[in-house]
Amino acid sequence: NLQSRFQGIFRSLTGKSRISEKAVKEALREVRMAFLEADVNFKATKDFCKKIETRALGAEVLQSLSPGQQVIKIVHEAMIELLGEKAGILELPAGEARIMLVGLQGSGKTTTAAKLAKKLAGEGRKPLLCAGDIYRPAAIRQLEVVGERAGIPVFQMGTDEDPVNIAKQGSKHAYRQGLDTVILDTAGRLHIDNEMMEEVQRIKKSWKPTHILLVVDSMVGQDAVNQAQHFNEGLGISGMILTKLDSDTRGGAAISIRYVTGKPILYAGTGEKLEDLDSFHPDRMASRILG
Amino acid sequence: FRLRGKIDDDLLDDLEEALISADVGMETTLALMEELRNRIRREKKTNSTDINWLTDTLQSLMRDMLEQGDRTLKVAEVGPSIYLIVGVNGVGKTTAIGKMAARFKSEGKQVLIVAADTFRAAAIEQLEIWSKRADVPIVLGSEGADPSSVVYNAMSAAKTQKPDVVVIDTAGRLHTKTNLLQELSKMSRVISREFDGAPQETLLVLDASTGQNAITQAKTFLQSCGLTGLILTKMDGTAKGGVILAVHKQLGLPVKFIGVGEGIDDLEPFDPDAFTRALFA
Ligand SMILES: Nc1nc2c(ncn2[C@@H]2O[C@H](COP(=O)(O)OP(=O)(O)OP(=O)(O)O)[C@@H](O)[C@H]2O)c(=O)[nH]1
Ligand SMILES: Nc1nc2c(ncn2[C@@H]2O[C@H](COP(=O)(O)OP(=O)(O)OP(=O)(O)O)[C@@H](O)[C@H]2O)c(=O)[nH]1
Ligand SMILES: [Mg+2]
Ligand SMILES: [Mg+2]
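Here it is as structure tokens:
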């Protein structure tokens, strides 16, 4: 961890009245290495380290009795600031909410849709799951099974219907059933697949979701920035959900996707069960990334 | 990736950035850059404008890292060749099996696939659709059944049907879940008990966009159920899959196939030359 990485740098300097700038810069190089090993994007790492350099070269470090601790404190605080200072909050309108989940193949959208529905039902909302993935074998069946387990109704129109229409009919169905929150599961897609990106753009244009949430696998490496940037620029997202945080991945992707989109990370997927959806906690994520 | 100018520190920094951005990882990148710098000194290429020499040299260093190990699938001397497909959640195991089944069938082989993911919602239905697409027989588990019993039933079926190849789908499982890894080694033991020398391959499926955690995944699966190779999926995205350099170097695991899409034909044998060239594209 950072503490042990810094030991070599600052130990030799204890007892001196002034810590050299050189030592601080060396410490920042260790921060850079730790970030890259934790899968934080290269450019995000560079910009982050530049940003904290000024603070790190300030009096609070150079005249400190424990400069290593001071640098760690600065890094930690800057990370929490970047990750979004308070825990994620999904703000839903009082009336009808339309939540669209998008993201790359296998990131956890279908499972997260059911988890989110269950969580919102527990908070007093009346959700409907809507099966917008008409491509993946047995995707609709998968949503039906997890929906059933979550105790949430599932709306589907089979695989021959345009997802735009499925979404709109889903909302009509919700209205008739007195349900106020439609959660639309969509097919996994590559951010560079123009046809598939056009599909979600069409859904957005016609169905007008109140929220578009990008679901990102927390084990993703440098590519996280590409994914998040393309979805945010090509579609516009309102927030993100980071999944599979029950793994031992350091999760530097969290920094990357925040850095490139500025959108909030709202939830953390922490397992395969339907209750495994937590609020996103920036402070816990920061500690985890630093290792 | 645009490299231009002369071979100086700025260019080498750009090269280092390209490698890290391709998920090659710090340790492997530094090792490659150090060897590259040695070669630059040795062949007196400092400040030379011979960029082609530079990229060719780096690519050959990377190819050397990928050359060892057998990239072909092991075939059983007697009885069916049994391939066990494992990996963490959502990486593309079930889809890869559908593609492999079609490929083996087109090679004139009798294929049997096994739906041993009895845990995840609609996993069995998903593989069943692939068995219809590939037109191969399938052994179905029932949801909630012990996956080892499904594997056992599949081994009995294989003794009767005598297929050339058996490919077994397993539930996604995080390498951090010891009980799930134990479940997997139990499945592997059932296979080797029924057929000597089986499974001929235990392949870890890795998503090309995975970061450094892929190394931990490979290490842990290798230790607990043994691995003979990798399948690298979703190479049709923007991720380069550079982490397999470290997996190959540290654990000797060769990539046997890459997934390049969601269609039944989107599986290709791994080509180290194409892979290293694409890393720089
Ligand atoms: N361990 C763990 N597994 C998860 C989590 N979220 C989802 N999964 C698993 O990840 C795998 C993929 O989840 P899906 O919900 O099918 O992912 P998806 O994004 O809908 O996939 P596509 O529709 O094919 O793009 C499944 O095995 C899930 O059980 C999580 O937070 N932790
Ligand atoms: N673009 C692309 N998508 C792929 C590739 N391989 C698999 N997928 C997609 O990735 C998603 C997950 O694939 P699955 O085969 O369900 O993955 P899995 O490992 O069996 O998932 P679990 O059983 O839930 O752990 C699906 O949407 C597939 O279509 C590939 O090579 N390229
Ligand atoms: Mg899905
Ligand atoms: Mg599967």
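Top to bottom, those sequences are chains A and B. Each residue of the first sequence is one higher than the one before, counting from 512 in the working numbering. Each residue of the second sequence is one higher than the one before, counting from 190 in the working numbering. In this text, a Cβ means the ideal position worked out from N, Cα and C, and glycines have one as well. Here the structure is a predicted model, which is why all the values come from computation and not from measurement.
Would a C-beta distance cut-off of 8 Å place residue i and residue j closer than the cut-off?
i: residue 312 of chain B; j: residue 448 of chain B; result: no
i: residue 359 of chain B; j: residue 445 of chain B; result: no
i: residue 806 of chain A; j: residue 733 of chain A; result: The requested residue 806 of chain A does not occur in the structure, where chain A is confined to residues 512 to 802.
i: residue 692 of chain A; j: residue 775 of chain A; result: no
i: residue 513 of chain A; j: residue 542 of chain A; result: yes
i: residue 697 of chain A; j: residue 657 of chain A; result: no
i: residue 319 of chain B; j: residue 604 of chain A; result: no
i: residue 665 of chain A; j: residue 642 of chain A; result: yes
i: residue 403 of chain B; j: residue 436 of chain B; result: yes
i: residue 458 of chain B; j: residue 256 of chain B; result: no
For residue i, which option in the options has the closest C-alpha, if you only look at C-alpha atoms?
i: residue 778 of chain A; options: A:770, A:765 and A:772; result: A:765
i: residue 389 of chain B; options: B:435, B:362, B:356 and B:397; result: B:356
i: residue 383 of chain B; options: B:456, B:401 and B:340; result: B:340
i: residue 585 of chain A; options: A:539, A:648 and A:655; result: A:539
i: residue 685 of chain A; options: A:574, A:512 and A:610; result: A:610
i: residue 422 of chain B; options: B:433, B:210 and B:413; result: B:433
i: residue 351 of chain B; options: B:335, B:278 and B:268; result: B:268
i: residue 519 of chain A; options: A:714, A:557, A:574 and A:579; result: A:579
i: residue 678 of chain A; options: A:649, A:690, A:718 and A:670; result: A:718
i: residue 400 of chain B; options: A:521, A:548 and A:515; result: A:548
i: residue 750 of chain A; options: A:761, A:759, A:721 and A:731; result: A:721
i: residue 562 of chain A; options: A:576, A:588 and A:595; result: A:588
i: residue 443 of chain B; options: B:211, B:248 and B:253; result: B:253
i: residue 746 of chain A; options: A:682, A:714, A:669 and A:759; result: A:714
i: residue 332 of chain B; options: B:394, B:212, B:209 and B:315; result: B:315
i: residue 343 of chain B; options: B:334, B:353 and B:327; result: B:327
i: residue 577 of chain A; options: A:761, A:671, A:521 and A:799; result: A:521
i: residue 440 of chain B; options: B:418, B:335, B:329 and B:466; result: B:418
i: residue 575 of chain A; options: A:560, A:608, A:534 and A:544; result: A:534
i: residue 800 of chain A; options: A:625, A:782 and A:760; result: A:760
i: residue 240 of chain B; options: B:204, B:257, B:259 and B:398; result: B:204
Go through its chain and collect everything with a Cβ distance to residue i's Cβ below 6 Å, but skip five positions before and after it.
i: residue 616 of chain A; result: 699
i: residue 629 of chain A; result: 661 and 785
i: residue 739 of chain A; result: 768, 771 and 772
i: residue 528 of chain A; result: A caution first: residue 528 of chain A carries a pLDDT of 49, below 50, which makes its placement in the model too unreliable to give a value.
Given a threshold of 16 other Cβ atoms within 10 Å of its Cβ, counted over all protein chains shown, does residue i qualify as buried or as exposed?
i: residue 463 of chain B; result: exposed
i: residue 454 of chain B; result: exposed
i: residue 755 of chain A; result: buried
i: residue 470 of chain B; result: exposed
i: residue 367 of chain B; result: exposed
i: residue 606 of chain A; result: exposed
i: residue 737 of chain A; result: buried
i: residue 744 of chain A; result: exposed
i: residue 288 of chain B; result: buried
i: residue 452 of chain B; result: exposed
i: residue 653 of chain A; result: buried
i: residue 517 of chain A; result: buried
i: residue 728 of chain A; result: buried
i: residue 688 of chain A; result: exposed
i: residue 716 of chain A; result: exposed
i: residue 600 of chain A; result: exposed
i: residue 231 of chain B; result: exposed
i: residue 348 of chain B; result: exposed
i: residue 406 of chain B; result: buried
In chain order, what residues of the same chain lie with their CB nearer than 8 Å to the CB of residue i, ignoring the 5 residues before and after it?
i: residue 294 of chain B; result: 300, 323, 324 and 325
i: residue 234 of chain B; result: 196, 228, 242 and 243
i: residue 209 of chain B; result: 215 and 218
Run down chain E in chain order and give the residues with a C-beta less than 9 Å from the C-beta of residue i.
i: residue 423 of chain B; result: Note that chain E does not occur in the displayed structure, where the protein chains are A and B.
Take residue i and list the residues in its own chain whose beta-carbon comes closer than 7 Å to its own, dropping the five residues that flank it on each side.
i: residue 308 of chain B; result: 360
i: residue 532 of chain A; result: 568
i: residue 571 of chain A; result: 581
i: residue 224 of chain B; result: 250
i: residue 680 of chain A; result: 668
i: residue 211 of chain B; result: 429, 431 and 468
Which complete alpha helix (DSSP H) runs does the region 527-589 of chain A hold, if anything under 4 residues is left out?
Taking only runs of at least 4 residues, the alpha helix (DSSP H) segments lying wholly in the region 527-589 of chain A are 532-548, 553-567 and 570-573.
Considering only residues of the region 309-381 of chain B, which uninterrupted alpha helix (DSSP H) runs meet the minimum length of 4 residues and lie entirely inside it, listed in chain order?
Fully enclosed alpha helix (DSSP H) runs of 4 or longer: 312-323 and 336-350.
Which runs of the alpha helix (DSSP H) at least 4 residues long sit entirely within the region 606-688 of chain A? Give them in chain order.
Complete alpha helix (DSSP H) runs here, min 4: 620-633, 650-661 and 674-688.
With a floor of 3 residues, list each beta strand (DSSP E) that falls wholly inside the region 245-291 of chain B, ordered by position along the chain.
Here the runs fully enclosed are 270-275.
Uninterrupted beta strand (DSSP E) stretches inside the region 700-764 of chain A (no shorter than 3 residues):
If we require 3 residues or more, the beta strand (DSSP E) runs fully inside the region 700-764 of chain A come out as 722-728 and 750-754.
Which residue spans inside the region 373-440 of chain B form an unbroken beta strand (DSSP E) run of at least 3?
Fully enclosed beta strand (DSSP E) runs of 3 or longer: 390-396 and 418-422.
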